[in-house]
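**Student:**
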Amino acid sequence: MNDHVRLVIENGIGVVTIDRQEALNALDDGVLAGLEEAFLALGRDPSVRAVILTGAGKAFVAGADIKAMAAFTPVEARAFAQRGQRIFTLIEDYPHPVIAAVNGYALGGGCELAMTCDIRIASEKAKAGQPEVNLGVLPGFGGTQRLARIMGRSAAKYLLFTGEVIGAARGLELGLFNEVVAPENLLPRCMEIAAAIAAKAPVAVSFVKHAVNEGTDGPMAHGLSLEAELFAGTFGTQDQKEGMRAFIDKRPPQFLGK
Ligand code: CO8
223 MNDHVRLVIE NGIGVVTIDR QEALNALDDG VLAGLEEAFL ALGRDPSVRA VILTGAGKAF
283 VAGADIKAMA AFTPVEARAF AQRGQRIFTL IEDYPHPVIA AVNGYALGGG CELAMTCDIR
343 IASEKAKAGQ PEVNLGVLPG FGGTQRLARI MGRSAAKYLL FTGEVIGAAR GLELGLFNEV
403 VAPENLLPRC MEIAAAIAAK APVAVSFVKH AVNEGTDGPM AHGLSLEAEL FAGTFGTQDQ
463 KEGMRAFIDK RPPQFLGK
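Shown next, in the form of structure tokens:
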């Protein structure tokens, strides 16, 4: 995509790797632009069924680039936060599941980036947190909102107030991580999950993501009505016919994604 973000697509699985190791993959303009380009390209490729997002080297992402932010005026800070939030929302709204392979530090904007993903698998070496209060600021790429939605307001406030950096085991207990694996198993395990998802009915999987993302923040009645509409929508797909026919015929389904 650019010097700092790579995208490889193979067998319906996209792998996005942030590689700015000299700054522990900190998010600057270049990394943000690369992420945007990568997810726009993924959106244009109808073969993709699942995506893995990871960092090269010892960090997932060690935050927004502190050196770039240090001299920001309030106006520049707002513009940077809004740009990051827009790109992070693009990732969150990407129609197929995105798995964060959290290989190391996921701090500040890095933890916020991992939280835009649908599933987070951590290496035993992962460390996560929102240490912004140590720098005299607060999260600006959605941390106060997504952390509270993932682990509840109380646990989120504790981490946000203290800036405490937690290890993989604590992240698992708090629900930040779905699973913790040995470092050498991180990408193979994420690939295994991505491949399992890629074998399911793509439209149904995509509708699940939409139903959970759009339906669970508002009143239950809204979420249920959205679910019913999406459920009905799957009955207009060939994959619903194939999935149910295959069950009746006692054979594995062959999904086409339409
Ligand atoms: N920004 C810029 N450079 C960084 C960052 C970062 N976030 N993190 C690490 N680096 C750089 C270091 O400066 C160092 O560069 P150099 O070699 O030129 O001195 C290089 O990466 C290696 O880092 P360390 O030598 O510090 O490596 P260690 O293994 O000793 O320590 C740590 C690793 C603990 C991760 C440490 O680097 C650290 O504490 N980093 C900062 C973590 C942090 O505070 N992150 C939050 C940043 S704020 C944020 O993300 C806000 C998001 C919302 C933005 C909204 C916009 C308005």
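Quick note: the working numbering has the sequence shown finishing at residue 480, numbered continuously throughout. Glycine is no exception: its CB is placed at the ideal position from the N, C-alpha and C atoms.
(1) Rounding to the nearest angstrom, what Cα-Cα distance links Glu449 and His318 in this structure?
(2) Alpha carbon to alpha carbon, how far is Tyr316 from Val425?
(3) List the residues that DSSP assigns as beta-bridge partners of Thr500.
(4) In whole angstroms, what is the alpha-carbon distance linking Arg392 and Ala370?
(5) At a cut of 8 Å, does the stretch 365-384 reach the stretch 292-303 through at least three beta carbon pairs?
(6) Which residues mark the beginning and the end of the alpha helix (DSSP H) in which Lys174 is found?
(7) Go to Glu401, then tell me how far its beta strand (DSSP E) extends in each direction, as first and last residue.
(8) How do the stretch 272-281 and the stretch 412-423 stand: do at least 3 beta-carbon pairs fall below 8 Å, yes or no?
(9) Who are Arg228's beta bridge partners in DSSP?
(10) Smallest Cα separation from Glu386: which of Ala377, Gly351, Asp461, Ala328?
(11) Going by beta carbon distance, what residues of the same chain come within less than 8 Å of Gly440, once the five residues before and after it are set aside?
(12) Where does Gly465 fall in DSSP's three states?
(13) Does the stretch 452-459 come close enough to the stretch 396-406 that 3 or more CB-CB pairs lie under 8 Å?
(14) Could you tell me which residues DSSP pairs with Leu452 in its beta bridges?
(15) I need the boundaries of the beta strand (DSSP E) containing Met342, first residue and last residue.
(16) In chain order, what residues of the same chain lie with their CB nearer than 8 Å to the CB of Lys347, ignoring the 5 residues before and after it?
(17) To the nearest angstrom, how far is the alpha carbon of Gly306 from that of Gly364?
**Tutor:** Here's the rundown:
(1) Pairing Glu449 with His318, the inter-Cα distance amounts to about 17 Å.
(2) Note on geometry: alpha-carbon atoms of Tyr316 and Val425 lie some 13 Å from one another.
(3) Residue numbering for the chain in the displayed model covers 223 to 480; residue 500 lies beyond these limits and cannot be assessed.
(4) Here the alpha carbons of Ala370 and Arg392 stand approximately 16 Å from one another.
(5) As far as the Cβ criterion goes, the stretch 365-384 does not touch the stretch 292-303, which means the pair count is below three.
(6) Residue 174 is absent from the structure shown; the chain starts at 223 and stops at 480.
(7) 401-403 is the span of the beta strand (DSSP E), which, as asked, contains Glu401.
(8) For the pair of segments examined, the stretch 272-281 was found to touch the stretch 412-423: the number of CB pairs separated by less than 8 Å reaches three.
(9) Per DSSP, the beta-bridge partners of Arg228 are Thr239.
(10) For the residues Ala377, Gly351, Asp461, Ala328, the minimum Cα distance to Glu386 belongs to Gly351.
(11) Correct list: empty, nothing qualifies.
(12) The answer is helix: DSSP assigns Gly465 an H, G or I state.
(13) The stretch 396-406 vs the stretch 452-459: no contact.
(14) According to DSSP, residue pairing for Leu452 in a beta bridge does not occur.
(15) What sits at residue 342 in the sequence shown is Arg, not Met. Boundaries of the beta strand (DSSP E) harbouring Arg342: 341-345, taken from the DSSP string.
(16) Same-chain partners within the cutoff: Lys280, Asn325, Gly326, Ala390, Pro405.
(17) Rounded to the nearest angstrom, the two C-alpha atoms are 9 Å apart.
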